[in-house]
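Single-structure report; data block below.
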Amino acid sequence: MRKIISITILVLFVSICLFLNAYKASNVKASESICNLNNYNFTKIGTDKLTDQWKLSNNTMLEPLDLKYKNTDKFKVVQDNLKAQAYTYFILKDEIADKVIQISNDKDPFIEIKPMEFGFKDQIMNEFIFHSGIDFIIIGGLFILELLFIFLYKRLKKDNAFLYFFMLCLLVQMRCLFLNEWLIKIVFPNMPNVEIIKIQAFTYYPWISIYILFLNEWFTNLSKKIIASSLIFSSISIIMLFITNDKLLFFNEAILLIIMISVLIFLINKVRKKEKNSEISLIAFLFLLITTINDMLVDNCIKGGGYSFQIGIFIFAFLETYVVITNYSNEIIKLENLRMQNKIIYEKSIRDDLTNLYSRNYIVSILDTMIEIYIKQGKKFTTLMFDIDYFKSINDTYGHLCGDEVLVAVSSVLKKNLRSTDYIGRYGGEEFIVVLPDTQKEKAKEIAERIRKGVANLSWKQKINVTISGGVYENEVYTKYECIKIVDKLLYMAKANGRNRIETKI
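If you're matching positions, the sequence shown starts at 1153 in the working numbering and goes up one per residue.
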């Protein structure tokens, strides 16, 4: 709860800053079209805006003859193909500068006259670099997020949320680039301003439908009407961009606002239901809503200041990235836990419950694999088979619990004397099979003798004598059945020859 309150305060602070930024007080004012700057300290105060009285020339357009001898690389579109200088350098006469503003509606029903920024060149350039730097930070940060989410999308192709998030970041990158018209003019020097405005709008209107599709991937029960309305809205807006030069204002923005309020209500309900990560998604959306309203007001000349939607979606992107990465991490943890659980279940399925050695089926399958490797690659291996001497007598005399203790103790001796590359399994009641990869008969016999002696040296509360007999066979056959048959025969030879011994030759 504290986290939500603190972030809500941050949202309010950002929104207040956005609106106050539009109403920066000016120390430079004109009176009857004359502005006296003799007592103004640019070094101390910095740049300022020229406000108050302006001299406007109404219904005055540049004529072609006015453009005939112009030679500059900075142009403004005038009457379709006619171009005029965007600015010019001049020398003051009598310390008075006349500023003449020539207005063409350019199919734009709203004209806003903004105060000019006035100050030293370095001061103005520093402000320009600062604002451009913010945009480039946004572009760079979003580029990193794009790489992350396109990677996640390729890795988890069933999750379209990553693709939609990638598209949102891409649209904002384009918006940052086209709001910095100077950069676009460097790359595309002949691109008309009208086309730049169209592309700016193109990066603005489709995001709501993509965002709702993204939201639909994370939460359930999102209204189909909201999804359909957003898709229709974005489609119509894009079509209108290419068939008219008029700004998409009241009608489009009213629909956009209605859709956003519907999304806001949806997210608030999710927070009330305490759905996972809904609080962060709501806060992220609030940043979008505040900056979108700011841009609407700027676009309709209701307030001054600059566009801030790209900043809002940049904050939104990092907040939602936290949600996405958290969910992704949780999914990885769940999958890892599931994998571990499956591994435990699998291990239990291939292990003997009493001795924790491999089960008969599994040790035989390993033997089958070793036979295949022997056939294909010629790699040698040796098989051992052990049997506890007089085990039935132990069970009958001391009971099955004592017999179980003997099985567990013998299994422990077997495991202690084997290498990490060796395999051991319980083949029958008191019989054990050991598979020794890349091991010749001589080495295998040493291991078998060590095991035999280890069992013989065990001490028991019941003062019983426990020994084992075994057979050792270095494989030269091509089926597991033949291999088991031979080593089993060697085992029974050891029993026939007095028990508590190892046999290697038939």
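Quick reminder that beta carbons are idealized off the backbone N, C-alpha and C, glycines included.
Nothing here was measured: the structure is a model prediction, and the numbers come from that model.
{"query": "Nearest candidate by alpha-carbon position, reference L1566, set G1606, L1449, N1479 and K1593", "result": "G1606"}
{"query": "Close Cβ partners of I1540 (< 7 angstroms) along its chain, the five nearest in sequence each way excluded", "result": "V1558, V1562, E1582, V1618 and I1620"}
{"query": "For V1587: DSSP bridge partner residues", "result": "T1535 and Y1575"}
{"query": "Neighbourhood of Y1579 by C-beta, 6 angstroms cutoff - its chain only, sequence neighbours within 5 removed", "result": "R1512 and I1585"}
{"query": "Under the three-state DSSP convention, the category Y1480 falls into", "result": "helix"}
{"query": "Buried/exposed call for D1590, threshold 16 Cβ in 10 Å", "result": "exposed"}
{"query": "Simplified DSSP state of G1271, which is helix, strand or coil", "result": "coil"}
{"query": "Endpoints, the alpha helix (DSSP H) within which S1361 is located", "result": "W1359 to W1370"}
{"query": "Cβ pair L1588, T1535 closer than 9 angstroms", "result": "yes"}
{"query": "Alpha-carbon to alpha-carbon, D1574 and R1491", "result": "25 angstroms"}
{"query": "Contact belief for I1362 with M1319 at Cβ below 8 angstroms, rounded distance in angstroms", "result": "5 angstroms"}
{"query": "C-alpha gap between G1293 and L1487, whole angstroms", "result": "30 angstroms"}
{"query": "Whole-angstrom C-beta distance between T1656 and I1523, which should lie under 8 angstroms", "result": "Wrong, their Cβ atoms sit about 20 angstroms apart, outside the cutoff."}
{"query": "Within 9 angstroms, strictly: CB atoms of F1418 and I1290", "result": "no"}
{"query": "Residue range of the beta strand (DSSP E) that includes E1634", "result": "Careful: E1634 lies outside any beta strand (DSSP E), inside the alpha helix (DSSP H) at K1632 to A1648."}
{"query": "Nearest candidate by alpha-carbon position, reference S1460, set F1340, Q1352, V1476 and A1648", "result": "Q1352"}
{"query": "Own chain, CB closer than 6 angstroms to F1543, minus 5 neighbours either side, in chain order", "result": "E1582"}
{"query": "C-beta contact flag for I1390 and P1344 at 9 angstroms", "result": "no"}
{"query": "E1298 versus N1368: straight-line alpha-carbon distance, rounded", "result": "20 angstroms"}
{"query": "DSSP three-state assignment for Y1625, whether helix, strand or coil", "result": "strand"}
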